[in-house]
Amino acid sequence: MVGRAHLNNVTCNLAIQAKELHSLNTILMLRRSRIVKAGKRRIQRFFPGLKKPPKIDPDCPFGNAPRADRATYLKLHEEACARKYPEIDSCLERFNFPLDRDWLQNLALHTQVVIKYSPLNFQHGYLLYALVRKRLENANPGENLTILETGTARGFSAICMARAILDAGRTGRVITVDLIPHNKSIYWNCIDDNDGKKTRQELLHPWQEELESIIFLQGETRAKLNQLGLSRIHFAFLDACHTEEEVLSEFRYVAARQNPGDLIFFDDVTEGLFDGVVAAAKKIQRGGEYSVEYIVSAENRGYAIAARS
Ligand SMILES: C[S@@+](CC[C@H](N)C(=O)[O-])C[C@H]1O[C@@H](n2cnc3c(N)ncnc32)[C@H](O)[C@@H]1O
29 MVGRAHLNNV
39 TCNLAIQAKE
49 LHSLNTILML
59 RRSRIVKAGK
69 RRIQRFFPGL
79 KKPPKIDPDC
89 PFGNAPRADR
99 ATYLKLHEEA
109 CARKYPEIDS
119 CLERFNFPLD
129 RDWLQNLALH
139 TQVVIKYSPL
149 NFQHGYLLYA
159 LVRKRLENAN
169 PGENLTILET
179 GTARGFSAIC
189 MARAILDAGR
199 TGRVITVDLI
209 PHNKSIYWNC
219 IDDNDGKKTR
229 QELLHPWQEE
239 LESIIFLQGE
249 TRAKLNQLGL
259 SRIHFAFLDA
269 CHTEEEVLSE
279 FRYVAARQNP
289 GDLIFFDDVT
299 EGLFDGVVAA
309 AKKIQRGGEY
319 SVEYIVSAEN
329 RGYAIAARS
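Positions 29 to 337 (the numbering used here) are the ones given, in order, by the sequence shown.
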């Protein structure tokens, strides 16, 4: 008998899969079961053109060959950089911690520009950078900032948050957890695949300064978080499994380690696509411990910022 939580977990993971076609090792283990059929139906509802969920090789979550040539990735990057996001621009003006666009766009070329069905959108990098800077503004002098990210993927957000610590002239660490290993050579469904397989460490080699403040952990978030022994989390970005249950479980772990002024950021707060994240954000808001602000960058991409009262 398969539990409801298990079903939620799998369907959520399949939805993340649909964003990038290849991703989680967990799906491989479960895809033969009937609950995955529910996940397939869900993907087909969101992506009617996608007849079959992708086949996943546990040793190569993004496939076993480059998915496009360099010119294709460059074209996608150019198109993504040209898109306008007025709501994000006005948010960033309010937060008042602009991040150098060339720096972010170059990072995005290697870590965000992938072959996927939904439009590329890396605006969360600007938001994360500004929010970490804001949080640091109110931190006690000399206080080390602890940032937790669940769902590293290629490391884009972890690098943006580490950059914020460096630009603020502060010390701190970004701890980031993913099922995908850090030191295994794989294809990443990005432009770098044209140079051959890389480890994440190699993919992120140009960002040495930022890497110094990032701790990469591999494993299921639930298991890893309980091994960490953290007593305080000033800022968290919860972006791993997108089921309500998993998001709330990670939220509870973080909330138990936060004080007034601390922040949690959620990506994919998008109704109809990631209902679990939306439901979790609403529940957190109703709980009253956090005030929640919703931001939309595009029709299919929303975020939430939860601030501890
Ligand atoms: C949406 S991506 C993260 C994107 C990344 N935060 C960024 O902004 O570039 C989600 C990631 O979560 C990971 N993931 C999903 N479920 C997980 C779980 N239960 N434990 C650890 N990682 C998980 C996936 O492998 C995937 O890389």
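All C-beta atoms in this analysis are idealised placements derived from N, C-alpha and C, irrespective of residue type, glycine included.
As the structure is a prediction and not an experimental result, all values here were calculated from the model.
Distance from the C-beta of V205 to the nearest heavy atom of ligand 1 is below 7 Å. The beta strand (DSSP E) runs lying completely inside the segment 226-313 and spanning 3 residues or more are 242-246, 263-266 and 291-294, given in chain order. Taking C-beta atoms as the reference points, L207 and E240 fail to come closer than 8 Å. DSSP places S213 in no alpha helix (DSSP H); its state is neither H nor E. A check of alpha carbon separations from C119 across D97, R111, Y157 and A309 identifies Y157 as the nearest. Short note on H105: C-beta not closer than 7 Å to any heavy atom of ligand 1. At least one heavy atom of ligand 1 lies closer than 7 Å to the C-beta of A268. At a Cβ-Cβ threshold of 8 Å, N254 and T298 do not count as neighbours. In this structure L245 is not in contact with I187, their Cβ atoms being roughly 16 Å apart against a cut-off of 8 Å.
The segment 89-139 contains, as complete alpha helix (DSSP H) runs of 4+ residues, the segments 98-110, 114-123 and 129-139 (chain order).
Burial check for D290: the Cβ neighbour count within 10 Å reaches 16 or more, so the residue is buried. Contact between the segment 98-118 and the segment 172-189 is absent, with fewer than three C-beta pairs closer than 8 Å. Setting aside the 5 residues that flank it on each side, Q133 is surrounded in the same chain by C109, each with a C-beta closer than 6 Å to its C-beta; the list follows chain order. Residues of the same chain with a CB within less than 8 Å of the CB of N287, apart from the 5 flanking positions on each side, are R260 and R336 in chain order.
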